[in-house]
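Read top to bottom, the protein sequences are chains G and Y.
Counting in this note's numbering, the first sequence runs from 23 upward without gaps.
Counting in this note's numbering, the second sequence runs from 2 upward without gaps.
Quick reminder that beta carbons are idealized off the backbone N, C-alpha and C, glycines included.
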Amino acid sequence: MNRGSDVGFFVCPYPIFDTRTGSGFDPEPVLLHMPMKRQSPKGRPNIVWAFFSSVKLTVALLIILATASVVGTLIPQTEGVAQFAQGLSPAMLKLFVTLDLFDVYHSLWFRILLGALTANIVICSLDRFPGTWKRFTSRPKPDREKPFQDLAEEQTFVIHHPPADVTERVHDYLADKYRKPRAREVGTERYFYGEKGGYSLFGVYLVHMSVLCILVGGLVGSFLGFEAYVNIVEGQTIDTVVSRKERTPIKLGFGVRCDNFTVDFYENGAPKEYRAEVTFMVDGKRAKQETLLVNHPATFKGVTFYQSNYGTVPGNAVHLSISQQGKAPISMQVEPKTPYPLPGGEGTFSIVDLRSNIMDIGPAAMVSVHPEDGEEINFWIFEYRDRAKKILPGPMLNSPKFNASAYGPYTFVLTGLETRYYTGLQANKDPGVSIVWMGCFFMVIGLFVTFFTFHRRVWVRVSDQGQDLVVSVAGTSSKNPVGLERELNTLARSLEKLLHKDPRI
Amino acid sequence: MINSIILSYTTFIYFLAFFLYLLFMVMGRAGFGRLATLVTLLGLIAQSFAIVFRWIESYQLGIGHAPFSNLYESLIFFTWTIIFLYMIVEWRTKNRTLGTFVTPLAFLAMAYASFSPGISSKIQPLVPALKSNWLISHVITCFFGYAAFGLSFALSLMYLLKQRDTPLRQNLFLRLIPGQAILDELNYQMIVIGFLMLTLGIITGSVWAHSAWGSYWSWDPKETWSLITWLIYASIIHSRLVRGWRGKRIVFLSFIGFCCVLFTYFGVNYLAGLHSYAK
Ligand code: HEM
Numbered sequence: 023m024n025r026g027s028d029v030g031f032f033v034c035p036y037p038i039f040d041t042r043t044g045s046g047f048d049p050e051p052v053l054l055h056m057p058m059k060r061q062s063p064k065g066r067p068n069i070v071w072a073f074f075s076s077v078k079l080t081v082a083l084l085i086i087l088a089t090a091s092v093v094g095t096l097i098p099q100t101e102g103v104a105q106f107a108q109g110l111s112p113a114m115l116k117l118f119v120t121l122d123l124f125d126v127y128h129s130l131w132f133r134i135l136l137g138a139l140t141a142n143i144v145i146c147s148l149d150r151f152p153g154t155w156k157r158f159t160s161r162p163k164p165d166r167e168k169p170f171q172d173l174a175e176e177q178t179f180v181i182h183h184p185p186a187d188v189t190e191r192v193h194d195y196l197a198d199k200y201r202k203p204r205a206r207e208v209g210t211e212r213y214f215y216g217e218k219g220g221y222s223l224f225g226v227y228l229v230h231m232s233v234l235c236i237l238v239g240g241l242v243g244s245f246l247g248f249e250a251y252v253n254i255v256e257g258q259t260i261d262t263v264v265s266r267k268e269r270t271p272i273k274l275g276f277g278v279r280c281d282n283f284t285v286d287f288y289e290n291g292a293p294k295e296y297r298a299e300v301t302f303m304v305d306g307k308r309a310k311q312e313t314l315l316v317n318h319p320a321t322f323k324g325v326t327f328y329q330s331n332y333g334t335v336p337g338n339a340v341h342l343s344i345s346q347q348g349k350a351p352i353s354m355q356v357e358p359k360t361p362y363p364l365p366g367g368e369g370t371f372s373i374v375d376l377r378s379n380i381m382d383i384g385p386a387a388m389v390s391v392h393p394e395d396g397e398e399i400n401f402w403i404f405e406y407r408d409r410a411k412k413i414l415p416g417p418m419l420n421s422p423k424f425n426a427s428a429y430g431p432y433t434f435v436l437t438g439l440e441t442r443y444y445t446g447l448q449a450n451k452d453p454g455v456s457i458v459w460m461g462c463f464f465m466v467i468g469l470f471v472t473f474f475t476f477h478r479r480v481w482v483r484v485s486d487q488g489q490d491l492v493v494s495v496a497g498t499s500s501k502n503p504v505g506l507e508r509e510l511n512t513l514a515r516s517l518e519k520l521l522h523k524d525p526r527i
Numbered sequence: 002m003i004n005s006i007i008l009s010y011t012t013f014i015y016f017l018a019f020f021l022y023l024l025f026m027v028m029g030r031a032g033f034g035r036l037a038t039l040v041t042l043l044g045l046i047a048q049s050f051a052i053v054f055r056w057i058e059s060y061q062l063g064i065g066h067a068p069f070s071n072l073y074e075s076l077i078f079f080t081w082t083i084i085f086l087y088m089i090v091e092w093r094t095k096n097r098t099l100g101t102f103v104t105p106l107a108f109l110a111m112a113y114a115s116f117s118p119g120i121s122s123k124i125q126p127l128v129p130a131l132k133s134n135w136l137i138s139h140v141i142t143c144f145f146g147y148a149a150f151g152l153s154f155a156l157s158l159m160y161l162l163k164q165r166d167t168p169l170r171q172n173l174f175l176r177l178i179p180g181q182a183i184l185d186e187l188n189y190q191m192i193v194i195g196f197l198m199l200t201l202g203i204i205t206g207s208v209w210a211h212s213a214w215g216s217y218w219s220w221d222p223k224e225t226w227s228l229i230t231w232l233i234y235a236s237i238i239h240s241r242l243v244r245g246w247r248g249k250r251i252v253f254l255s256f257i258g259f260c261c262v263l264f265t266y267f268g269v270n271y272l273a274g275l276h277s278y279a280k
């Protein structure tokens with residue numbers, strides 16, 4: 023009954039059962055190696071302690087948390103709430119609001135669930151740690167009989183002409199391959215003990231502590247950090263951002279200037295890259311220069327800036343053409359909010375409002391004419407007049423407010439509008455991030471240790487039977503019985519070889 | 002587009018493999034089993050080449066990126082991981098019965114990718130948010146997780162079927178399935194591998210989200226559903242520690258877990274969110 027030789031390399035780190043033989047497998051739980059105490063450390067039975075140290079509670083909490091999260095993805099959170107709420111009856115709406123169902127993940131009850139999970143983890147760990155520690159530090163007696171019951175046949179072998187130094191050889195071998203080697207002689211029998219992988223007992227604690235670490239990191243972030251945004255026009259410097267949730271301004275304590283913004287497109291018109299060049303300013307002096315791309319944020323004084331959107335605003339140069347019946351039109355470039363004389367000297371005009379895109383028509387400017395005598399006249403002019411005629415309703419088009427010839431004999435034409443980009447940045451501060459990453463790191467290490475390392479104890483019994491020596495190998499493992507069997511086979515074959523080899527010959 | 006041609010052939014190869022595994026279990030002839038393994042391996046190799054070709058082709062088009070960027074490519078990769086993982090399990094356990102339950106998953110995923118009218122097999126350029134080295138590690142870990150959960154699902158099905166097997170009943174198909182204790186243990190091992198991979202997937206996803214959108218966790222539906230899946234599998238791992246929770250209850254939870262995986266993968270596209278590019 024050979025369980026198959028060890029496959030030379032371990033592609034799948036977790037040993038998988040050999041189903042050809044299907045025997046030697048014990049379906050009893052092997053994980054509950056520590057008795058569950060239902061008492062506080064002082065020995066007093068305690069209902070609260072028993073409740074929070076129960077793994078049943080863990081399973082219940084994990085499933086409840088999962089269900090609550092499902093609810094949160096089915097009911098709109100933040101976006102689309104108003105629309106959803108309209109479809110509800112007043113009583114239902116009240117229920118939803120009372121239960122915080124429009125913000126499940128930040129609601130009090132969700133946090134209470136997380137708190138219960140935390141208490142569960144902490145108390146469960148405290149409850150079990152003494153047992154684990156005892157198991158880690160204990161040195162079992164070498165001359166135990168129990169492990170040697172029901173041995174598979176390949177775990178026992180006979181040596182016919184044993185060498186004199188059997189004890190040394192076995193002991194040295196175990197001392198080389200295992201920790202805490204021990205030996206004892208009882209009558210005609212010699213016993214040896216060794217173990218390995220004791221640290222694997224702590225993997226579970228590492229996993230559970232990492233969960234706490236991540237929760238703490240999240241809490242730190244939600245109390246000490248902020249999520250905000252800001253738009254910066256090319257050339258502009260800002261020192262305040264707007265919080266995303268409360269819409270309140272937050273002073274940064276330093277300035278951010280957008281030096282330049284560019285968008286690249288693929289041939290099919292899809293955006294390829296957004297690039298914002300920014301300079302961080304402290305006390306009006308340049309402190310650091312950075313390029314922000316999507317996926318490429320920059321951090322300054324604990325605040326991280328991410329490229330998130332962009333847009334355009336009108337710039338400072340407006341191109342106009344003023345025509346008069348029977349005369350050549352006059353082209354000019356003007357700045358907004360500045361008065362210019364009319365071509366005939368009847369008064370002045372200025373551009374009082376500029377939009378880079380109004381009602382999807384495109385650029386528009388509001389002209390304000392101040393005649394020497396008479397009232398001021400305001401009207402909009404568009405760069406794309408044909409589009410304006412299509413989009414604007416008739417009565418509106420005919421009103422003086424949209425008549426480019428409202429001040430005769432002149433007709434104002436908008437021929438061009440300089441636009442400037444602004445970059446929309448997210449500005450986040452989260453002092454909890456490094457704690458969260460630390461938790462993630464420990465979780466991965468902990469999972470590896472828990473799943474792929476094992477605490478194994480082995481016993482070797484050497485009995486003198488006249489001329490012969492009967493050697494038996496036995497062991498226990500925290501889990502993974504097949505891996506243990508492989509290990510014991512390897513140990514038996516190595517010892518067999520070791521004891522056959524007689525240095526005197 | 003040689004890769005698309007190879008990929009549509011692999012769909013049929015996996016179907017053939019399923020057919021051979023089924024014949025092997027119904028007729029009990031080891032020869033069919035060996036042939037099934039051979040055909041599956043052929044499919045896996047062909048698919049590996051197709052994925053590499055697709056990668057190279059995307060560079061020739063000047064929009065080079067790893068082939069994991071849309072639903073078509075992700076389905077292809079999902080199939081690849083599930084077959085890859087299955088081949089390892091078959092090799093380690095020397096048992097072919099699982100193949101009958103796994104190859105249909107692979108075949109269906111491939112067929113959906115190749116023949117669904119809504120899914121384009123064209124190589125598309127990457128939108129800026131996807132341009133990150135984290136994309137590769139995120140996708141690989143997530144999909145190995147999904148594949149392990151897929152195997153766990155198949156093993157759970159086998160567990161339920163095996164329940165109908167009694168010594169009196171001379172049903173070859175059922176008799177070839179390994180014993181329930183072994184299925185249970187193997188199922189647990191798949192869940193463990195899946196859980197580790199999903200954990201890594203969520204972490205790499207968070208790191209990426211942190212660098213792309215400025216926060217490592219924003220309760221976006223896809224993120225939330227992967228957390229739900231993670232919680233379900235964590236509860237499976239723990240329910241084994243409560244005495245008596247073996248076998249059927251694990252099977253039941255494993256079904257729920259796999260439904261969550263499927264919803265995380267497909268269903269979430271019907272809820273709006275950051276990941277909706279996957280459409
Ligand atoms: C989301 C949170 C949790 C995660 C990710 C987690 C993860 C794990 C993992 C991976 C194992 C190892 C299972 C194995 O060896 O096969 C484990 C074992 C265990 N967990 Fe948790 N756990 C969590 C919460 C909890 C809580 C709240 C408790 C509180 C009672 C708990 C109690 C235990 C116990 C008692 C074990 C068994 C340890 C042993 O093998 O001796 N876990 N957990």
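Residue i at chain Y interface by Cβ criterion, 7 angstroms
i	result
Tyr429 of chain G	no
Pro57 of chain G	Confidence in Pro57 of chain G is poor, its pLDDT being 39 and thus under 50, which makes the residue's placement unreliable; the coordinate value appears in the next sentence. Chain Y, which has no Cβ nearer than 7 angstroms to the Cβ of Pro57 of chain G, makes this no.
Phe535 of chain G	In the structure as shown, chain G starts at 23 and stops at 527, and residue 535 of chain G therefore has no counterpart that could be examined.
Phe473 of chain G	yes
Asn450 of chain G	yes
Tyr288 of chain G	yes
Ile85 of chain G	yes
Asn317 of chain G	yes
Val300 of chain G	no
Proximity below 7 angstroms, CB of residue i to CB of residue j
i	j	result
Lys218 of chain G	Arg478 of chain G	yes
Val229 of chain G	Leu469 of chain G	yes
Tyr328 of chain G	Gly65 of chain Y	no
Ile84 of chain Y	Ala67 of chain Y	no
Gly195 of chain Y	Gly248 of chain Y	no
Residue i Cβ short of 6 angstroms to the ligand HEM heavy atom set
i	result
Thr80 of chain G	yes
Leu99 of chain Y	no
Ala235 of chain Y	yes
Thr472 of chain G	yes
Leu187 of chain Y	no
Leu152 of chain Y	no
Leu242 of chain Y	yes
Leu139 of chain G	yes
Ile251 of chain Y	no
Ile57 of chain Y	no
Three-state secondary structure assigned by DSSP to residue i
i	result
Glu397 of chain G	coil
Ser160 of chain G	coil
Glu207 of chain G	strand
Tyr429 of chain G	coil
Gly277 of chain G	strand
Ile403 of chain G	strand
Leu364 of chain G	coil
Met111 of chain Y	helix
Ile69 of chain G	helix
Leu173 of chain G	coil
Trp56 of chain Y	helix
Test: residue i CB closer than 7 angstroms to a CB of chain G
i	result
Thr225 of chain Y	yes
His239 of chain Y	yes
Gly215 of chain Y	yes
Trp220 of chain Y	yes
Pro126 of chain Y	yes
Val243 of chain Y	yes
Leu197 of chain Y	yes
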